[in-house]
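Enquirer: Below: one structure in structure tokens.
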Amino acid sequence: MIKFENVGKVYPNGFEGLKDINLEIEQGEFVAIIGLSGAGKSTLIRTINRMHDVTSGKLTVDGVDVMSLSGKTLRRFRRKIGMIFQSFNLITRTTVIKNVLTAFVPDMPWYRSAFGIYTKEEKIKALECLDKVGILDKAFVRADQLSGGQQQRVALARTLAQNPQIILADEPVAALDPVTANQVMGDFKRINEDMNITILINIHHIDLALKYANRVIGIREGKIVFDGPAKGTQWDEVLDNIYVGKVDREGNLQEEG
Amino acid sequence: MNLTFYDKIFKPREYVLPNGKKAYKKASRAPIYAILILAMSALSVKITGFDMEVLVSRIGQFFVILGEMFPPNADYMPKIWEPLFDTIKMSLLGSVVGALLSVPFAMLASTNVCPSKIIVSVMRVMFSLIRTLPTIVIALVATLVFGLGTLAGTVAIAVFSFGYIGKLTYEEIETVDMGAFEAMQAMGATRSEAFISAIVPQVLPFYLSNCLFNFEGNVRYAAVLGYVGAGGIGLILNEKISWREYPSVGMILVALFVTVFIIETVSRALRKKLV
Chain B
6 MIKFENVGKV YPNGFEGLKD INLEIEQGEF VAIIGLSGAG KSTLIRTINR MHDVTSGKLT
66 VDGVDVMSLS GKTLRRFRRK IGMIFQSFNL ITRTTVIKNV LTAFVPDMPW YRSAFGIYTK
126 EEKIKALECL DKVGILDKAF VRADQLSGGQ QQRVALARTL AQNPQIILAD EPVAALDPVT
186 ANQVMGDFKR INEDMNITIL INIHHIDLAL KYANRVIGIR EGKIVFDGPA KGTQWDEVLD
246 NIYVGKVDRE GNLQEEG
Chain L
49 MNLTFYDKIF KPREYVLPNG KKAYKKASRA PIYAILILAM SALSVKITGF DMEVLVSRIG
109 QFFVILGEMF PPNADYMPKI WEPLFDTIKM SLLGSVVGAL LSVPFAMLAS TNVCPSKIIV
169 SVMRVMFSLI RTLPTIVIAL VATLVFGLGT LAGTVAIAVF SFGYIGKLTY EEIETVDMGA
229 FEAMQAMGAT RSEAFISAIV PQVLPFYLSN CLFNFEGNVR YAAVLGYVGA GGIGLILNEK
289 ISWREYPSVG MILVALFVTV FIIETVSRAL RKKLV
């Protein structure tokens, strides 16, 4: 369980990224976080694996105070949290399977990672993860030769290879076309349901958020302004609040004035 | 639109669209730079005492000496082999040692890998200092420390390679896509694990290519190092020029030319495959 208690985050330049966040997310939930760019969606997600520090309040994951971790304990903690990025963050100059195999690097002695020596078991496990996201046939292709959707799936396979309990996804479909975006969201949904992995996803596509997530959190200027189920909510008013009256339910911008 | 003093003299070009809207393209700044460069060149002619008359009247001597080198003295060839191979050995060993040593320091000089700004600046100053020292000066110092011979030459080339490859490598590391590095850290990898897995594969081809290019150049540098007694082909080149044995000098130059040509051709072919 992820629990935010009065969490705040002030950047060194004085900007308040998060204000008084209170949130409880149970294991196995699929949560979409929506809001304008700069509202604090990324900051919120990145505090969970401590890629960003919180500056006030308490953030616990499975009872562990995230801010109490450092060095080795922090790295071990991060092992159970996967992260997916908008720009995939793959090693483009190398093959797909090698990208997935990097998930094992933190548990390996340095000389094996330095020379890229992986055991047969590790390779089979990496291939299984690629199979789970349906791109087993691309295993030995260079990562930069794949389409955006395929690259995001490689990233997803890499994350699965570390056996996470939680996956944090920072705008995973923002760089993808609508059809591919739907497929990737479908992958997330399947992983969420089949493996009971908690998924937190930042997303700009409101339609995708409502279609795939169970719970939607709306953020505006660092504050949670909505938190409720994806189904059965009166969206027009809620979206009006989250997006400060600029967007309708289909995600179209409203003409001002 | 912001108009500077320059724009007020040289008016921006105006484009008018059919609907009456306008776009402006500011006048080029190139003339300023052209005038600056011309002025600096004129100044350097004055300072260096460059004299066209001397150049024209003495240029003939160059061709006289060149003419005396032909035909090269082929009988001298057996005596060239050893210093020639010394030169190649010096440059190869020096290049490899310098390039390998430079890697950890290049890591510490990259802002995206090394978190401490102080270490980064210290490393960069060190690299700049080393590159400021001309190789021939390092060789001269090395002969004083290690005595005359190829060891001094090897050290000089290693020091030069260290500075040269180090600078190119840290600049390469800084242009790398940090996404994969971030992903590795988010997975619980240490900075060094993330460096090895995410940055090395991106930098390695350029690093190897730079190493080859450096080696190529070092063969030429190494040829000169003999002048200060640091071993290699420069030793006999210096000797034969002082004795005015131009046909032998010609032979040395031909041997050097062929060697450099072969090394450059092989290196270029390899580098093409790398990048």
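Here the protein sequences line up with chains B and L, keeping their order.
My numbering applies: residue 6 is where the first sequence begins, and numbers increase by one.
My numbering applies: residue 49 is where the second sequence begins, and numbers increase by one.
All C-beta atoms in this analysis are idealised placements derived from N, C-alpha and C, irrespective of residue type, glycine included.
1. Can you grab the Cα-Cα spacing for the pair residue 157 (chain B) / residue 312 (chain L), in whole Å?
2. I want to verify the contact list: residues of chain B whose CB lies under 8 Å from the CB of residue 289 (chain L), in sequence order.
3. Looking at residue 273 (chain L) and the ligand ZN, is the gap between the Cβ and the nearest heavy atom below 6 Å?
4. For residue 62 (chain B), does the three-state DSSP call read helix, strand or coil?
5. Which residues does DSSP list as the beta-bridge partners of residue 234 (chain B)?
6. Tell me, which residues are paired with residue 71 (chain L) by DSSP?
7. Below 8 Å on the Cβ atoms is my contact criterion, and I expect residue 226 (chain L) with residue 160 (chain L) to pass it. Report the Cβ-Cβ distance as a whole number of Å.
8. Can you list, in chain order, the residues of its chain with a C-beta nearer than 7 Å to that of residue 266 (chain B)? Leave out the 5 residues immediately preceding and following it.
9. Would residue 207 (chain B) count as contacting chain L if we go by Cβ distances under 7 Å?
10. Output the residue ranges of the alpha helix (DSSP H) runs that lie fully inside the segment 71 to 138 of chain L and measure 4 residues or longer, sorted by chain position.
11. Can you tell me whether DSSP reads residue 22 (chain B) as helix, strand or coil?
12. Of the residues B:154, B:215, B:224, B:173, which one's Cα is nearest the Cα of residue 86 (chain B)?
13. For residue 207 (chain L), which residues in the same chain have their Cβ closer than 6 Å to its Cβ, ignoring the five residues on either side in sequence?
14. Quick one: is residue 110 (chain B) near chain L, going by C-beta distance under 7 Å?
15. Could you run through the segment 107 to 121 of chain L and flag, in chain order, every residue whose CB is less than 8 Å away from some CB of chain B?
16. Are residue 214 (chain L) and residue 154 (chain L) closer than 7 Å when you measure CB to CB?
17. Given this structure, state the Cα-to-Cα distance separating residue 302 (chain L) from residue 265 (chain L), to the nearest angstrom.
18. Quick check on DSSP: helix, strand or coil for residue 316 (chain L)?
19. Please classify residue 35 (chain B): does DSSP put it in a helix, a strand, or coil?
20. Which residues in the same chain as residue 58 (chain L) place their Cβ atom closer than 7 Å to its Cβ, once the five residues preceding and following it in sequence are excluded?
21. Mapping DSSP to helix, strand and coil, what is residue 228 (chain B)?
22. Can you give the Cα-Cα distance for residue 161 (chain B) and residue 315 (chain L), rounded to whole angstroms?
23. Measuring only between beta-carbons, confirm whether residue 80 (chain B) sits less than 7 Å from chain L.
24. Just list the alpha helix (DSSP H) runs in the segment 153 to 225 of chain L, keeping only unbroken ones of 4 residues or longer that don't cross its boundaries, in chain order.
25. Beta-carbon separation of residue 179 (chain L) and residue 157 (chain L) under 7 Å?
26. Give the DSSP-derived three-state secondary structure of residue 262 (chain B) in the structure shown.
27. Between the beta-carbon of residue 94 (chain B) and the beta-carbon of residue 230 (chain L), is there less than 7 Å?
28. With distances taken between CB atoms, is the gap from residue 228 (chain L) to residue 39 (chain B) smaller than 7 Å?
29. By a C-beta neighbour count over all protein chains shown, 10 Å radius and 16 as the cutoff for buried, is residue 124 (chain B) buried or exposed?
30. Examine chain B for any beta-carbon lying closer than 7 Å to the beta-carbon of residue 150 (chain L), and answer yes or no.
31. Counting only beta-carbon separations shorter than 7 Å, does residue 264 (chain L) have a partner in chain B?
32. Tell me which same chain residues have a C-beta within less than 6 Å of the C-beta of residue 67 (chain L), skipping the five on either side of it?
33. Please go through the same chain and pick out, in chain order, the residues whose beta-carbon is closer than 8 Å to the beta-carbon of residue 381 (chain L), but skip the five residues on each side of it.
34. Strictly below 7 Å CB to CB, what residues from chain B border residue 249 (chain L)?
35. Give the range of the beta strand (DSSP E) segment to which residue 9 (chain B) is assigned.
36. Chain L beta carbons: is any one of them nearer than 7 Å to that of residue 83 (chain B)?
Expert: Straight from the coordinates:
1. Within the first sequence, residue 157 (chain B) is the residue found at index 152, counting from 1. Within the second sequence, residue 312 (chain L) is the residue found at index 264, counting from 1. Cα-Cα distance, rounded: 42 Å.
2. Here the question's residue 289 (chain L) lines up with position 241 in the second sequence. Neighbours of residue 289 (chain L) on chain B: none; closest Cβ ~49 Å, over 8 Å.
3. What this structure holds is no ligand at all, so the ligand ZN is not there to describe.
4. Position 57 of the first sequence, counted from the start, is the residue given in the question as residue 62 (chain B). In the structure shown, residue 62 (chain B) sits in a strand (DSSP, three-state: E or B).
5. Here the question's residue 234 (chain B) lines up with position 229 in the first sequence. Bridge partners of residue 234 (chain B): B:220.
6. Position 23 of the second sequence, counted from the start, is the residue given in the question as residue 71 (chain L). Answer is L:63, bridged to residue 71 (chain L).
7. Position 178 of the second sequence, counted from the start, is the residue given in the question as residue 226 (chain L). Position 112 of the second sequence, counted from the start, is the residue given in the question as residue 160 (chain L). Contact holds; Cβ gap of about 6 Å.
8. In the structure as shown, chain B begins at 6 and stops at 262. Residue 266 (chain B) is therefore absent and cannot be evaluated.
9. Working through the first sequence from its first residue, we reach residue 207 (chain B) at position 202. Answer no: the Cβ-Cβ gap between residue 207 (chain B) and chain L never drops below 7 Å.
10. Along the length of the segment 71 to 138 of chain L, whole alpha helix (DSSP H) runs at least 4 residues long occupy 78 to 96, 100 to 116, reported in chain order.
11. The count along the first sequence starts at 1 and reaches residue 22 (chain B) at position 17. Strand.
12. Counting from 1 along the first sequence, the entry for residue 86 (chain B) is found at position 81. Residue B:173 is the option with its Cα nearest to residue 86 (chain B).
13. On the second sequence, position 159 is the one that residue 207 (chain L) refers to. These residues qualify, in order along the chain: 186.
14. As a working note, residue 110 (chain B) is residue 105 in the first sequence. It does; some Cβ of chain L falls within 7 Å.
15. Listed by position, the residues of the segment 107 to 121 of chain L near chain B (Cβ gap below 8 Å) amount to none.
16. Residue numbering aside, residue 214 (chain L) sits at position 166 when the second sequence is read from its first letter. Residue numbering aside, residue 154 (chain L) sits at position 106 when the second sequence is read from its first letter. Yes, the Cβ-Cβ distance between residue 214 (chain L) and residue 154 (chain L) is below 7 Å.
17. If you number the second sequence from 1, residue 302 (chain L) lands on position 254. If you number the second sequence from 1, residue 265 (chain L) lands on position 217. Cα-Cα distance, rounded: 17 Å.
18. By one-based count along the second sequence, residue 316 (chain L) stands at place 268. Helix.
19. Position 30 of the first sequence, counted from the first residue, corresponds to residue 35 (chain B). Looking at residue 35 (chain B) - three-state DSSP - the assignment turns out to be strand.
20. Sequence index remark: in the second sequence, residue 58 (chain L) carries index 10 (1-based). Excluding residues up to 5 positions away in sequence, 75 lie with their Cβ nearer than 7 Å to the Cβ of residue 58 (chain L) in the same chain.
21. Translated into the one-based positions of the first sequence, residue 228 (chain B) becomes position 223. Reduced to three states, the DSSP call for residue 228 (chain B) is strand.
22. Locating residue 161 (chain B) in the first sequence gives position 156, counting from the first residue. Locating residue 315 (chain L) in the second sequence gives position 267, counting from the first residue. If you take the alpha carbons of residue 161 (chain B) and residue 315 (chain L), they lie about 40 Å apart.
23. Stepping through the first sequence from its first residue, residue 80 (chain B) is reached at position 75. For residue 80 (chain B), at least one C-beta of chain L is nearer than 7 Å to its own C-beta.
24. The segment 153 to 225 of chain L contains these whole alpha helix (DSSP H) runs: 165 to 180, 183 to 194, 198 to 222.
25. Taking the second sequence and counting its residues from 1, the one referred to as residue 179 (chain L) is at position 131. Taking the second sequence and counting its residues from 1, the one referred to as residue 157 (chain L) is at position 109. Contact: no.
26. To locate residue 262 (chain B), count along the first sequence from 1; it is residue 257. Since pLDDT at residue 262 (chain B) reaches only 38, below the 50 mark, its modelled position is unreliable, and no value is offered.
27. In the first sequence, the residue the question calls residue 94 (chain B) occupies position 89. In the second sequence, the residue the question calls residue 230 (chain L) occupies position 182. Yes, the Cβ-Cβ distance between residue 94 (chain B) and residue 230 (chain L) is below 7 Å.
28. In the second sequence, residue 228 (chain L) corresponds to position 180, counting from 1. In the first sequence, residue 39 (chain B) corresponds to position 34, counting from 1. Cβ distance not < 7 Å, so residue 228 (chain L) and residue 39 (chain B) don't count as in contact.
29. Here the question's residue 124 (chain B) lines up with position 119 in the first sequence. Result: exposed.
30. Residue mapping note: residue 150 (chain L) aligns to position 102 of the second sequence, counting from 1. No, its Cβ sits nowhere closer than 7 Å to a Cβ of chain B.
31. Locating residue 264 (chain L) in the second sequence gives position 216, where the first residue counts as 1. Not one beta carbon of chain B lies nearer than 7 Å to the beta carbon of residue 264 (chain L).
32. By 1-based counting over the second sequence, the position of residue 67 (chain L) is 19. In the same chain as residue 67 (chain L), and ignoring 5 residues on each side of it, no C-beta atom comes closer than 6 Å to its own.
33. Any property of residue 381 (chain L) remains undetermined from this structure, which presents chain L solely from 49 to 323.
34. Taking the second sequence and counting its residues from 1, one reaches residue 249 (chain L) at position 201. By Cβ distance, chain B contributes 96, 98, 99.
35. Taking the first residue of the first sequence as 1, we reach residue 9 (chain B) at position 4. Where residue 9 (chain B) is concerned, the enclosing beta strand (DSSP E) stretches over 7 to 15.
36. Within the first sequence, numbered from 1, the residue matching residue 83 (chain B) stands at position 78. Interface flag for residue 83 (chain B) against chain L is set, since a Cβ pair is found closer than 7 Å.
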